[in-house]
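S.K.: Input: one structure, supplied below.
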Amino acid sequence: MKDKDTGISMTRRTLLGAAPFFVAAAGLGAERAGAAEMPLKAANADKFPPLSPFKFSLETSNSRWDGPGGTAREVNTSNFPISKSIAGVSMRLQPGGLRELHWHGIAAEWAYIIDGHVMTTVVSPDGTVEKNEFGPGDTWFFPRGYGHALQGLGPGECHFLLGFDNGDFSEFGTFSITDWISKTPRRIVERNMQLPESVVAGLPKGEAYIVQGKVPNFGEPFRSPNLEPSQLTHKYRLGAVAPRRFSGGEERIVSSKEFPIQSTLSSARMDLEPGSLREMHWHPNSDEWQYYTKGRSRVGIFGAHGRVETAEFGPGDVCFIPQGFGHWIEQLGSAATQLVILFNNPHYEEISLSQWLASNPAALLAQNFGVTEEVIDKLPKAALGIAK
Ligand code: MN
Ligand code: MN
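Given below as structure tokens:
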């Protein structure tokens with residue numbers, strides 16, 4: 036059965052519906068070994084809630100903000116409850132479109148540029164600063180609370196993905212400079228900004244969020260001539276990293292080892308050739324949050340206690356896989372698939388099925404599967420990564 040909003044087949048019904056069947060099967064003297072345990076397992080199933088939907092179509096979601104200088108759509112626990120550790124925003128800025136000065140109280144911000152060019156400024160608590168220019172494939176990371184602003188450089192719209200290391204984060208509740216200034220007593224603002232009352236009276240009356248400005252001159256210096264550059268850069272060119280090549284595609288993974296300021300997340304980009312399979316694997320230390328930029332794929336997840344779900348993903352869709360859950364990605368269609376991934380741990384870890392199978396004696400595996408050692412000999416002896 037498919038849920039009409041998510042397209043995800045619902046395990047809830049099959050799981051709850053299974054209990055009477057198992058009880059009946061045991062009562063009839065079930066033939067299969069282990070069948071006697073089934074009533075117990077079925078009873079236990081009630082203790083483990085069905086898997087939550089793990090697909091969200093971000094680009095068609097109605098959680099959106101549209102303005103003259105840009106647009107934003109968000110996904111977080113309010114519309115995608117499974118995504119407790121990571122929230123996301125798909126933002127578009129027109130040339131000159133300015134995402135105003137702001138900070139985030141409960142989350143660090145990561146970004147990946149899908150299309151176009153954007154400029155950022157960021158100030159650190161130690162007073163160091165950085166201004167950068169970003170193009171397709173580039174990423175940034177602003178630690179929690181750092182003050183920053185973004186402006187479209189043109190030509191054309193800049194489309195980028197923002198990721199936040201807290202699923203409860205909401206882009207529409209950030210700490211924006213105009214929101215604060217407009218809600219602060221005028222006498223405080225006049226003294227703090229050292230402006231006359233007549234000028235303060237003309238400042239924005241509420242949060243601007245995104246305003247349509249002019250295309251910036253990237254070379255314009257900071258107002259103060261006495262600033263030091265950030266010790267750690269906020270920019271990393273994910274798309275320019277040499278990939279790990281596999282027979283069916285490639286993957287670029289960037290942890291805090293390569294990008295030290297990215298201290299709460301690891302990020303990746305995966306390119307799957309038509310017909311390929313990202314092999315069955317899991318991540319011992321992190322959840323996985325995916326955003327599809329190109330092509331189609333089917334993802335299967337395994338949540339123990341017999342619980343599995345599969346769903347299909349295409350451009351603009353978000354997938355969330357809880358820590359430790361087994362999963363695989365099957366590429367679909369004739370156009371290659373590309374996805375961008377966040378892990379909520381600065382150290383990347385995975386264990387793949389083929390690597391695990393290679394890491395055991397043949398006799399043990401033969402007994403586990405009830406097959407001969409000749410069959411076991413055919414199994415892969417190293418990680419496949421992305422298989423053809
Ligand atoms: Mn931000
Ligand atoms: Mn994975």
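Numbering (the numbering used here) for the sequence shown: 36 to 423.
Glycine is no exception: its CB is placed at the ideal position from the N, C-alpha and C atoms.
All values reported here derive from a predicted model rather than from experimental measurement.
Leaving aside the five residues before and after K119 along the sequence, list all residues of the same chain whose C-beta is less than 7 Å from its C-beta, in chain order.
M.R.: Here the set comprises T112 and G202.
S.K.: On the CB-based measure, 16 or more other CB atoms within 10 Å of its CB, does W215 come out buried or exposed?
M.R.: Exposed, because fewer than 16 other Cβ atoms sit within 10 Å of the Cβ of W215.
S.K.: Return the Cβ separation of K270 and F169 in integer angstroms, given the expectation that the two are a contact with Cβ distance under 8 Å.
M.R.: Right, their Cβ atoms sit about 7 Å apart.
S.K.: Take every Cβ of the segment 97 to 106, pair it with every Cβ of the segment 253 to 268, and state whether three or more of those distances are shorter than 8 Å.
M.R.: Not touching, per the Cβ criterion.
S.K.: Identify the residues that DSSP records as bridge partners of Y271: which are they?
M.R.: Beta-bridge pairing links Y271 to T174.
S.K.: If distances are taken between C-alpha atoms only, which option among T345, F195 and P396 comes closest to F360?
M.R.: Checking every option, the nearest Cα to that of F360 belongs to T345.
S.K.: Using only the alpha-carbon positions, how far apart do I411 and L185 sit?
M.R.: Going by the C-alpha atoms only, they are around 55 Å apart.
S.K.: For S301 and S311, which I take to be in contact (beta-carbon distance under 8 Å), what is that distance rounded to the nearest angstrom?
M.R.: Rounded, the Cβ-Cβ distance is 22 Å, inconsistent with contact.
S.K.: So, with DSSP's three-state summary, where would you put W164?
M.R.: The sequence shown places Val at residue 164, not Trp. Three-state DSSP puts V164 in a strand.
S.K.: Look at the alpha carbon of E409 and the alpha carbon of A393, and state the distance between them as a whole number of angstroms.
M.R.: Straight-line Cα distance between these residues: approximately 14 Å.
S.K.: Our contact map puts F195 next to I121 with C-beta atoms below 8 Å; I'd like the distance itself, whole angstroms only.
M.R.: Not confirmed; about 16 Å, so no contact.
S.K.: Check whether the Cβ of E144 sits closer than 7 Å to any heavy atom of ligand 1, and report yes or no.
M.R.: Within the cutoff, so yes.
S.K.: Where does the unbroken beta strand (DSSP E) through L188 begin, and where does it stop?
M.R.: No beta strand (DSSP E) contains L188, which DSSP labels as neither H nor E.
S.K.: My parser needs the beta strand (DSSP E) runs of 3 or more residues fully inside the segment 279 to 330; what are they?
M.R.: Whole beta strand (DSSP E) segments, 3+ residues: 279 to 281, 284 to 289, 301 to 307, 312 to 317 and 323 to 329.
S.K.: Could you give the uninterrupted runs of the alpha helix (DSSP H) lying entirely in the segment 346 to 401, keeping only those of 4 residues or more?
M.R.: Taking only runs of at least 4 residues, the alpha helix (DSSP H) segments lying wholly in the segment 346 to 401 are 388 to 393.
S.K.: Between the Cα of Q247 and the Cα atoms of A370, F257 and R134, which residue gives the shortest distance?
M.R.: Among A370, F257 and R134, the Cα nearest to that of Q247 belongs to R134.
S.K.: Do you know offhand how far T209's Cα is from T268's?
M.R.: T209 and T268: Cα-Cα distance of roughly 23 Å.
S.K.: Could you tell me how far apart the beta carbons of S332 and F348 are, in whole angstroms, since I believe they sit closer than 8 Å?
M.R.: With a Cβ gap of about 5 Å, S332 and F348 count as contacting.
S.K.: Where W324 and Q358 are concerned, what is the direct C-alpha to C-alpha distance, given to the nearest angstrom?
M.R.: Their backbone Cα atoms lie some 10 Å apart in a straight line.
S.K.: Give me the Cα-Cα distance between W363 and A277, rounded to the nearest whole angstrom.
M.R.: For W363 and A277, the distance between alpha carbons rounds to 23 Å.
S.K.: So, is G151 buried or exposed, given that buried needs 16 or more other C-beta atoms within 10 angstroms?
M.R.: So G151 ends up on the buried side.
S.K.: Once DSSP output is grouped into helix, strand and coil, what is the label at G208?
M.R.: In the structure shown, G208 sits in a helix (DSSP, three-state: H, G or I).
S.K.: Any idea if F57 is buried or exposed, counting beta-carbon neighbours within 10 angstroms, 16 or more meaning buried?
M.R.: Interpretation of F57 is limited by its pLDDT of 36, a score under 50 that renders its predicted location unreliable; the figure taken from the coordinates is listed afterwards. With 16 or more other Cβ atoms within 10 Å, it is buried.
S.K.: What separation, rounded to the nearest whole angstrom, lies between the Cα atoms of V234 and M228?
M.R.: When rounded, the distance between both Cα atoms is 10 Å.
S.K.: Closest to K416 by C-alpha separation, out of L400, G405 and V406, would be which residue?
M.R.: Per the Cα distances, L400.
S.K.: Can you list, in chain order, the residues of its chain with a C-beta nearer than 8 Å to that of G180? Leave out the 5 residues immediately preceding and following it.
M.R.: If we look at G180 and ignore the five residues flanking it on each side, its Cβ neighbours are W138, H139, G140 and P160.
S.K.: So does T209 have its beta carbon nearer than 7 Å to some heavy atom of ligand 1?
M.R.: Yes - ligand 1 has a heavy atom lying nearer than 7 Å to the Cβ of T209.
S.K.: Going by C-alpha distance, which of P84, S217 and P251 is nearest K240?
M.R.: The residue with the shortest Cα to Cα distance from K240 is S217.
S.K.: Tell me the rounded alpha-carbon separation between K329 and S369.
M.R.: Approximately 11 Å, taken between the alpha carbons.
S.K.: Between the alpha carbons of L163 and V157, how many angstroms are there, rounded?
M.R.: In the sequence as displayed, the identity of residue 163 is Thr instead of Leu. Distance between the alpha carbons of T163 and V157 is about 9 Å.
S.K.: Does at least one heavy atom of ligand 2 sit under 7 Å from the Cβ of E323?
M.R.: True, at least one ligand heavy atom lies under 7 Å from that Cβ.
S.K.: In angstroms with no decimal places, state the Cα-to-Cα distance between L51 and Y327.
M.R.: With a pLDDT of 39 at L51, under the threshold of 50, the modelled position of that residue is not reliable, and the figure given next carries that caveat. Cα to Cα, L51 sits roughly 32 Å from Y327.
S.K.: Below 7 Å, is the gap between the Cβ of H382 and the nearest heavy atom of ligand 2?
M.R.: No - ligand 2 has no heavy atom lying nearer than 7 Å to the Cβ of H382.
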